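Some notes on the structure that comes next.
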Amino acid sequence: MQYKAVKGFKDILPSQVKTWDRVESEGKRIFELFGYREIRIPILEKAELFARGIGQDTDIVSKEMYTLTDRRGAQLAMRPEATASILRAYIENKLYAATPVHKLFTIGPMFRYERPQKGRRRQFHQIDVEIIGDPGPRSDSELMFMIMHFFTCLGLAELILHVNSLGCMECRGPFRAELKRYLQEHVEQLCPDCQESMETKPLRVFDCKVERCIQVMKDAPTMLDFLCRDCTVHFDAVKVYLRELNIDFVVNSHLMRGLDYYTRTTFEVQTRELGAQNAVAGGGRYDLLMKELGGPDSPAIGFAIGEERVVELLEEQGRVEADGPDIFLAPLGTEAEDKAFMWLQELRKAGLRCEMDYRSSGLKAQMKHGDRLGARKVLIVGQDELAKGKGILRDMSTKSQMEISLEDPVKEIIRLKEERWQ
RNA sequence: GUGAGUGUAGCUCAGCUGGCAGAGCACUGGGUUGUGGCCUCAGUGGUCGUGGGUUCAAGUCCCAUCACUCACCCCA
5 MQYKAVKGFK
15 DILPSQVKTW
25 DRVESEGKRI
35 FELFGYREIR
45 IPILEKAELF
55 ARGIGQDTDI
65 VSKEMYTLTD
75 RRGAQLAMRP
85 EATASILRAY
95 IENKLYAATP
105 VHKLFTIGPM
115 FRYERPQKGR
125 RRQFHQIDVE
135 IIGDPGPRSD
145 SELMFMIMHF
155 FTCLGLAELI
165 LHVNSLGCME
175 CRGPFRAELK
185 RYLQEHVEQL
195 CPDCQESMET
205 KPLRVFDCKV
215 ERCIQVMKDA
225 PTMLDFLCRD
235 CTVHFDAVKV
245 YLRELNIDFV
255 VNSHLMRGLD
265 YYTRTTFEVQ
275 TRELGAQNAV
285 AGGGRYDLLM
295 KELGGPDSPA
305 IGFAIGEERV
315 VELLEEQGRV
325 EADGPDIFLA
335 PLGTEAEDKA
345 FMWLQELRKA
355 GLRCEMDYRS
365 SGLKAQMKHG
375 DRLGARKVLI
385 VGQDELAKGK
395 GILRDMSTKS
405 QMEISLEDPV
415 KEIIRLKEER
425 WQ
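Each residue of the first sequence is one higher than the one before, starting from 5 at the first, in the numbering used here.
Laid out in structure tokens, this is it:
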């Protein structure tokens, strides 16, 4: 019996961990720079929290949640996203009593029962960032400024920021009515899926990829035409700040969110290089959610970064992190091996990353081993070298080599390392 | 949930209209060499995803099933 990982659940292998680590540590570094603090939330919540927060009718809740009943009959769910949990924690711990505005982030796995494909797993990881308590457009702009800065720091240019406003309860009603009217007029041109969803979720039609629907939606009324005065002022301010901050963006009136709780500003960072799953980060404002979940009437905005999508982008661009040892010891013969073994531990104690192959083997095999590990230097010590008292230090990238004294090679190597290997 | 594609050595794959299971890389050992990488000789390694069917004969054709991949859907 060959055991395999559960469908849609993947191992993150040693060769990839450095890249993951870089994404997360870079995120932490930048978010903390901007005043965000980490919060760690549980993986399991009452299923009802998500039903209430995300929306009973969304696909996420109605068919993608991993739900379970615990031994006492409680209905639980593995979190499909982080925002609802963060708000629950905020309310439960009365964080609002401490300071008026909270800027939080969390990193971790999320679970959705979907058919796996490129950039989409059943267990996936998000970096989730939220600002709770500030209604103003500066928070909106700060988040977008920060997220683009994050991607720039990772070396990912070529990403496009899409921005839209979904309006508030005031203006959304009239817009939906008008949109339905428009769709009604063009029913026969829509694909079957859209014909079905136009009554319940007319906004969904904006997302459709069928050419006929795209054509129809080209001339459809957009939310932006229906924004009320406050929403217009808000959205205009966001755009002005972004321009003044020199952030490139496109206003995309077709940009919709899958979760019910979004209001006003929404945004998404997209790439062309990931196939169908082109959003590497997305988010928006959700001013009504806090109250909906039983908390104070408090505005909030946030976004989530899809970690595997970012990692995949970095991998595709060959930007994987090197993780080889500083030096690999290649001794030949028992005497040299025993000495090298001692040197090895001394070097490690001194803070150098080093490795050797404890299985006695020929130089050929050892060099290969060192090369595979990505070692920067190899120290070769055979019979001749022992006799001469000088080992050969070879640089794996330049292929150049030099002799070093075996009198106290540990000290010698540490000295060379401090001189940046010359 | 729907559709398409792929399952042959550890990895990447070839195997035609059915006829003895293959290559490259990797691995092990030898030769050559200026102490590894190039060259060279040999060796290890397979129930051809699984189950059934057609046939004298199936990796190849048919049916079923499982797995993976991509896309729809959905979303980060």
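Note that CB positions come from ideal geometry on N, CA and C, so glycine has one too.
Every value quoted in this text rests on a predicted model; they were computed, and no experiment measured them.
Please state the DSSP three-state secondary structure of Gly378. In this structure, Gly378 counts as coil in the three-state DSSP scheme.
Is Thr103 near the ligand ADP, in the sense that its beta carbon is under 8 Å from a heavy atom of that ligand? In the structure on display, the ligand ADP does not appear, and there are no ligands present to speak of.
Would you call the segment 326-341 and the segment 382-392 in contact, with 3 or more CB pairs under 8 Å? Contact holds: three or more Cβ-Cβ distances are below 8 Å.
In chain order, what residues of the same chain lie with their CB nearer than 6 Å to the CB of Glu3, ignoring the 5 residues before and after it? Any property of residue 3 remains undetermined from this structure, which presents the chain solely from 5 to 426.
Beta-bridge pairing of Arg398 - partner residues as DSSP gives them: Val382 and Gln405, per the DSSP bridge assignment.
Would Met148 and Val167 qualify as a contact pair, given that the criterion is a beta-carbon distance under 9 Å? yes
Entirely enclosed beta strand (DSSP E) segments - the segment 42-118, minimum 3 residues: Within the segment 42-118, the complete beta strand (DSSP E) segments at least 3 residues long are 48-50, 70-73, 79-82 and 106-115, listed from N- to C-terminus.
Which residue or residues does DSSP assign as beta-bridge partners of Cys195? The partner list for Cys195 (beta bridge, DSSP) is empty, contrary to what the question assumes.
Residues in the same chain with beta-carbon distance under 6 Å from Ala241, minus the five sequence neighbours each way, listed in chain order, please. Closer than 6 Å at Cβ, skipping near neighbours: Pro141.
Grouping DSSP H, G and I as helix and E and B as strand, with all else coil, what is Gln274? Note: Gln274 maps to strand in three-state DSSP.
Of the listed residues Ile47, Leu297 and Cys212, nearest to Pro116 (C-alpha basis): The sequence shown places Arg at residue 116, not Pro. Nearest option by C-alpha distance: Ile47.
Among the residues of its own chain, which have a CB less than 6 Å from the CB of Asp361, if the five just before and after it don't count? Gln370 and His373
Would you call the segment 131-146 in contact with the segment 302-311, where contact means no fewer than 3 C-beta pairs closer than 8 Å? yes
List the endpoints of the continuous alpha helix (DSSP H) containing Asp240. Arg233 to Glu248
Beta carbon of Ile43 nearer than 9 Å to that of Phe128: no
Determine the DSSP secondary structure at Val255, reduced to helix, strand or coil. Residue state, collapsed to three classes: strand.
In whole angstroms, what separates the C-alpha of Glu96 from that of Arg56? Taking the straight line from one Cα to the other gives about 16 Å.
What are the start and end residues of each continuous beta strand (DSSP E) run of 3 or more residues lying completely inside the segment 313-383, in chain order? Qualifying beta strand (DSSP E) stretches, in chain order: 331-335 and 358-360.
Check whether the segment 191-198 touches the segment 207-226, taking contact to mean three or more Cβ pairs, one atom from each stretch, closer than 8 Å. yes
If you drop the 5 nearest sequence neighbours on each side, which residues of the same chain put their C-beta closer than 6 Å to that of Asp138? Val105
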